[in-house]
Structures are given as structure tokens and as C-alpha cells.
Amino acid sequence: MTRSAKGKGLEAALELARRFAGKLAHLSKDEDVRKASIHTVQAISDLLKAIRKASAK
99 MTRSAKGKGL EAALELARRF AGKLAHLSKD EDVRKASIHT VQAISDLLKA
149 IRKASAK
């Protein structure tokens, strides 16, 4: 099954958010911000994996 334009847009938005959180984790001087950003990156990565897996079915 192919992904719809809406699905591709959602995936692109999540990928952008993941990259932004990764940059924030790298650039922030605040330890709490870095930790939260790292957790956000992991959560978005897991969500993207699940979306891709579901769309492959």
C-alpha cells in the first residue's frame, strides 16, 4: 500500500521535528533541555518507525 500525500506530509513534519530536537539536544547548555530533547528524538523516531511499519502492511 502506498502512503497518501497526507501521510507523507505527516512523516516529513515528524522528521523535521526530530531533526530540530536533535539540534536542540546538541546545542543547549541546559542539562534538562538536553535530556528532554534526547527523549523527544527517541519518541519521534519510534513513532516514525511505527508509521512506516504500518504503511508497509
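Residues 99 to 155 (my numbering) are what the sequence shown spells out, left to right. Beta carbons: idealized from backbone N, C-alpha and C, even for Gly.
Give me the Cα-Cα distance between R132 and H124, rounded to the nearest whole angstrom.
Using only the alpha carbons, I get a separation of about 7 Å.
Classify A152: buried if its beta carbon has 16 or more other beta carbons within 10 angstroms, exposed otherwise.
Answer is exposed; the Cβ neighbour count stays below 16.
Does the beta carbon of R132 come closer than 8 Å to any beta carbon on chain B?
Among the chains of the structure shown, chain B does not appear; only one protein chain is present.
Rank K121, I149, G120 by C-alpha distance to the C-alpha of G107 and give the top, closest one.
Distance check between G107 and each of K121, I149, G120 places I149 closest, using alpha-carbon atoms only.
Using a Cβ-Cβ cut-off of 7 Å (strictly less than) and excluding sequence neighbours within five positions of S126, which residues of its own chain qualify?
Correct list, in chain order: R132, S135.
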